[in-house]
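Residue numbers (mature numbering (1 follows the signal peptide of the UniProt record, and there is no 0)): -15 to -1, 1 to 265. Report on the following structure.
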């Protein structure tokens, strides 16, 4: 069985253009691109055989003075060696990228940068000034993913709570407004009505009964009617009727009891089940 291993890191010292450099056997590269050379030296001046984090959760492995024998295309807009490495993550078939210090360009390849453990030829070649790189994104563990989902769900619930709180505030405002309207209507009912009878207005005093005697001796008659206005109209048919008791219960069939003795507003007290209907 053939095992694959990553090609060992190999760095070729960069010549500084001095006579001493030439005498020492260093490779001299001429007409270098300043940016390309700067990025090359950033990783190859002091090379490391370990991965380097180039972005949160993303690491790159650099191989100095190496490039694949085959590459696909130039990567546009990669103006740094880190950007060149990250570009591979956006290309589906990309296996690695390489940086050319000579002209500061980035290229991608779909060729695996590996050699057999038995020493078979590498698909990569020694090219002074090039940097081949592979990139790896960390995979979050299940707990991290679950925690992120919990945070996301918690935020959604908090947003929903805000919506319901706003609805509660709107409902409270509406209840206050409706209660105010009911109070205004009750006041209008208690005042002179809109049901003139014989040229005279009438009034309804809610939940009241006379403090003076008004027993059977003063009762004229009674019948069931639908409204306080109907009760007052019924009273108007009797010349002796001074006021009427109108039941608060019974729906459209409520008792209307007519009385002959006069009663004033100052002669009234609370009673929960009756209203007093009389001329204003």
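From the three backbone atoms N, C-alpha and C, an ideal C-beta is built for every residue, glycine too.
Please confirm whether residue i and residue j have their CB atoms less than 8 Å apart.
i           : j           : result
residue 117 : residue 53  : yes
residue 207 : residue 186 : no
residue 46  : residue 36  : yes
residue 115 : residue 84  : yes
residue 261 : residue 203 : no
residue 133 : residue 91  : no
residue 276 : residue 86  : Absent from the model: residue 276. The displayed extent of the chain is -15 to 265, so no value can be given.
Residue range of the beta strand (DSSP E) that residue i falls in?
i           : result
residue 255 : 253 to 255
residue 77  : Segment: none, residue 77 is in no beta strand (DSSP E) and carries neither H nor E.
residue 23  : From DSSP, residue 23 is part of no beta strand (DSSP E) but of the alpha helix (DSSP H) over 19 to 29.
residue 68  : Run containing residue 68: none in the beta strand (DSSP E); it sits in the alpha helix (DSSP H), 66 to 72.
residue 58  : 58 to 60
residue 91  : 90 to 94
residue 207 : 204 to 210
residue 266 : For residue 266 there is no data in the structure shown, the boundaries of the chain being -15 and 265.
Work out the CA separation of residue j and residue i for me, nearest whole Å.
i           : j           : result
residue 253 : residue 155 : 40 Å
residue -15 : residue 88  : Residue placement at residue -15 is flagged as unreliable, the pLDDT there being 33, under the threshold of 50; a coordinate-derived value is accordingly withheld.
residue 210 : residue 242 : 10 Å
residue 67  : residue 145 : 42 Å
residue 49  : residue 70  : 13 Å
residue 32  : residue 25  : 10 Å
residue 161 : residue 170 : 14 Å
residue 120 : residue 61  : 18 Å
residue 222 : residue 215 : 11 Å
residue 236 : residue 251 : 29 Å
residue 14  : residue 73  : For residue 14, the predicted model reports a pLDDT of 47, less than 50, meaning its position is unreliable and no value from the coordinates is stated.
residue 256 : residue 212 : 18 Å
residue 265 : residue 188 : 5 Å
Does the beta carbon of residue i sit closer than 8 Å to a beta carbon anywhere in chain B?
i          : result
residue 20 : The displayed structure is made up of one protein chain only, and chain B is not part of it.
Between which two residues does the alpha helix (DSSP H) harbouring residue i extend?
i           : result
residue 218 : 213 to 221
So if DSSP puts residue i in a beta bridge, which residue, or which two residues, is it bridged to?
i           : result
residue 154 : Paired residues: none, contrary to the question.
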